[in-house]
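Numbering (my numbering), first residue to last: 2 to 498. Think of the CB as a built atom: it goes at the ideal place given N, C-alpha and C, for glycine as much as any other residue. Since the structure is predicted, the reported quantities are computational estimates derived from the model, not experimental observations. A quick write-up on the structure given underneath.
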Amino acid sequence: MGNYILAADQGTTSSRAILIDRQGRMVAVAQKEFPQYYPQNGWVEHNANEIWGSQYDVLKEVIEKSGVDPKEIEAIGITNQRETAILWDAKTGEPVCPAIVWQCRRTAGICEELKRQSKTEMIREKTGLVIDAYFSGTKVKWMLDHIQDGYGRAKRGEILFGTVDSWLIYKLSGGKVHATDVTNASRTMLFNIHTLQWDDELLEMLGLPKEILPEVVMSSGYIATADASLLGAEIPIMGCAGDQHAALFGQTCFRKGEAKNTYGTGCFLLMNTGATACNSNNGLVTTIAWGIDGKVTYALEGSIFIGGAVIQWLRDELKVLDSAAQSEELALQVPDTGGIVFVPAFTGLGAPYWDMYARGTLLGADRGTNKCHIVRASLEAIAQQSADVLHAMESDSGERLERLLVDGGASANNFLMQFQADILGTTVQRPQCVETTALGAAYLAGLASGMWKSMDEISRMHVVETEFRSEKDAYWRENQRAIWKHAVETVQFWAKK
Ligand code: ADP
2 MGNYILAADQ GTTSSRAILI DRQGRMVAVA QKEFPQYYPQ NGWVEHNANE
52 IWGSQYDVLK EVIEKSGVDP KEIEAIGITN QRETAILWDA KTGEPVCPAI
102 VWQCRRTAGI CEELKRQSKT EMIREKTGLV IDAYFSGTKV KWMLDHIQDG
152 YGRAKRGEIL FGTVDSWLIY KLSGGKVHAT DVTNASRTML FNIHTLQWDD
202 ELLEMLGLPK EILPEVVMSS GYIATADASL LGAEIPIMGC AGDQHAALFG
252 QTCFRKGEAK NTYGTGCFLL MNTGATACNS NNGLVTTIAW GIDGKVTYAL
302 EGSIFIGGAV IQWLRDELKV LDSAAQSEEL ALQVPDTGGI VFVPAFTGLG
352 APYWDMYARG TLLGADRGTN KCHIVRASLE AIAQQSADVL HAMESDSGER
402 LERLLVDGGA SANNFLMQFQ ADILGTTVQR PQCVETTALG AAYLAGLASG
452 MWKSMDEISR MHVVETEFRS EKDAYWRENQ RAIWKHAVET VQFWAKK
């Protein structure tokens, strides 16, 4: 029995490794950025060897830094940027082309074609997803279309496909194991989230041979063993989940109806819907939250394109802020927004509006409007958009949100968190350790290895640092929500012209 869990957190721009002890505390952290490639407008690529190289470097570094004997590490948990697709040679373990990153839009045309073929309903029913270039399936088709004898090599088992988790498991196991967990599989648009199988009809639709697919495993449980030559000891990999799913687990949103919001560049909201895969009537995605002991828990997911990014915009483009953190101080210099509303729809509006033509709009300005009002309105807009998504989740799931767990860079803003609690009429809880993604991966691994006996025990380790309780009444809330919705309608009306 070891005393530590090693979390590998492979993100879009950097790889991180975090060593966690029995009490769930972070012992050491290492982080390394890796290159992004933009070969054409709207295209985003990674070099899979650079993903692996940076991840391997930080895993070694964090062990060295901590001074912990690798034999003391009980298990590894992996969490990763989702949907990014990698193809590699089954014999050499070398990537056969650049990895296509989740952000890449190159397969939008394939998606349009699927919509024309009226596949929308079938895909939603089986995968819980909307047809979009974001998900892995069309990326794999694109790669096989563009490499020499792609389909032939794939059929002969000479090429393997995997999302980033799968690639890391393959590399860590010395090429012995080709597997992915249910959460990552649920983002491929190839996986039936009800039967928990790769789906023949979906594979046929894209012409993908089954031979390239990884075995699908639970998020918590033995997956593979990291080769002793890599980290100085044989360490079992016992946890794996996509980043947002891991964050939901790391926030210990274990009960139906519990939700988390990550306030980063955009906002990512997930609500646990228990054993039910809830269909959304509001443009949310249905996804697998995690799989443990052969059973899966489902979640509803909604994302907001512009979250903390609006604060970056105020800082870098309008130059009304020296730092993102200063937004709190400025917002508190005025009692309210002075009647203005800012809808930061810079790249359109996501759930529940789905308007790709909407653009950022400031409404209601007068001679007295100053930068503090604009900063305040921007922070309020982050919370209002989050409320839009959470209300959609409540309506789709029939659950009433009792508390919202928060993390991500902008969750450090106390004004934003208080306004979020006020506008929802719900308690907002910020944990002591905001590294919830890595924590989630570690919890999944430690639960399987026996370091933690139950999810209840894990819940007890979760320490809330600050709690924000709603200080407003229902009248205020309804009025504020009505003003916001009116503003969004106005923005959409403008976009139609
Ligand atoms: P990502 O993982 O998407 O890069 P982070 O979780 O690191 O994002 O959060 C960074 C974002 O949070 C930036 O958009 C930044 O503007 C915003 N941000 C950081 N600190 C604050 C703050 N104190 N108040 C408001 N926004 C903040």
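Tell me, please, whether the segment 264-274 touches the segment 95-115 by the rule of three or more beta-carbon pairs shorter than 8 Å.
no
Between the alpha carbons of P438 and Q56, how many angstroms are there, rounded?
Along the sequence shown, read from residue 1 onward, the residue named residue 438 stands at position 437. Along the sequence shown, read from residue 1 onward, the residue named residue 56 stands at position 55. The question names Pro, yet the displayed sequence has Thr at residue 438. So the alpha carbons of these two residues sit roughly 15 Å apart.
Taking DSSP as the reference, what is the three-state secondary structure of P237?
As a working note, residue 237 is residue 236 in the sequence shown. P237: strand per DSSP, three-state reduction.
Excluding the 5 residues flanking G369 on each side, which residues of the same chain have their C-beta closer than 8 Å to its C-beta?
The sequence position of residue 369 within the sequence shown is 368, counting from 1. If we look at G369 and ignore the five residues flanking it on each side, its Cβ neighbours are G339.
Using only CA atoms, which one of G410, A496, K116 lies nearest to I383?
Here residue 383 refers to the residue found at position 382 of the sequence shown. That would be G410, whose Cα lies nearest to the Cα of I383.
Could you compute how far the alpha carbon of S187 sits from the alpha carbon of E73?
Within the sequence shown, the letter at position 186 stands for residue 187. Within the sequence shown, the letter at position 72 stands for residue 73. Approximately 33 Å, taken between the alpha carbons.
Is the Cβ-Cβ distance between S460 and T274 less than 8 Å?
On the sequence shown, residue 460 is found 459 positions in, with the first residue counted as 1. On the sequence shown, residue 274 is found 273 positions in, with the first residue counted as 1. Contact: no.
Which same chain residues end up closer than 6 Å to G441 when comparing Cβ atoms and leaving out the 5 residues on each side of it in sequence?
Taking the sequence shown and counting its residues from 1, the one referred to as residue 441 is at position 440. For G441, where only same-chain residues beyond five positions count, the Cβ hits under 6 Å are A247, A248, F250, G251.
If you measure from the CB of Q419, is any heavy atom of the ligand ADP nearer than 7 Å?
For the purposes of this step, residue 419 is identified with residue 418 of the sequence shown, where counting begins at 1. The answer is no for Q419.
Taking 8 Å as the cut-off, decide whether the C-beta atoms of S379 and P345 are in contact.
Within the sequence shown, the letter at position 378 stands for residue 379. Within the sequence shown, the letter at position 344 stands for residue 345. A contact, by the Cβ cut-off of 8 Å.
Under 7 Å from any heavy atom of the ligand ADP, does the C-beta of I101 make it?
As a position in the sequence shown, residue 101 is number 100, starting the count at 1. No.
Coil, strand or helix - Y299 by DSSP:
Against the sequence shown, residue 299 aligns to sequence position 298. Y299 falls in the strand class under three-state DSSP.
Just checking my contact of A422 with S471 at CB under 8 Å: how many whole Å lie between their CB atoms?
What you label residue 422 is simply residue 421 of the sequence shown in a count that begins at 1. What you label residue 471 is simply residue 470 of the sequence shown in a count that begins at 1. Indeed, because the Cβ distance is near 5 Å, the residues count as touching under 8 Å.
R478 versus G284 - alpha carbon distance
Locating residue 478 in the sequence shown gives position 477, counting from the first residue. Locating residue 284 in the sequence shown gives position 283, counting from the first residue. Rounded to the nearest angstrom, the two C-alpha atoms are 24 Å apart.
Span of the alpha helix (DSSP H), counted from its first residue to its last, around Y171
Looking up residue 171 in the sequence shown gives position 170. 165-173 is the extent of the alpha helix (DSSP H) around Y171.
Exposure label - E1; buried when at least 16 CB within 10 Å
Past the edges of the chain, shown from 2 to 498, lies residue 1, and the structure says nothing about it.
Chain-order list of residues whose beta-carbon lies under 7 Å from that of E381 (same chain, five-residue window excluded):
To locate residue 381, count along the sequence shown from 1; it is residue 380. Here the set comprises T338, F420.
Exposure of P215, with buried meaning 16 or more beta-carbon neighbours within 10 Å:
Position 214 of the sequence shown, counting from 1, holds the residue named residue 215. The residue is buried, with at least 16 neighbouring Cβ atoms inside 10 Å.
Cβ neighbour criterion (16 or more within 10 Å) applied to Y358
For this step, residue 358 is matched to residue 357 along the sequence shown. Classification of Y358: exposed, given that the 10 Å Cβ count is below 16.
Three-state secondary structure (DSSP) at R188?
To locate residue 188, count along the sequence shown from 1; it is residue 187. Three-state result, R188: coil.
When burial is assigned at 16 or more other CB atoms within 10 Å of the CB, is M394 buried or exposed?
Residue 394 sits at position 393 when you count from the first residue of the sequence shown. Classification for M394: buried.
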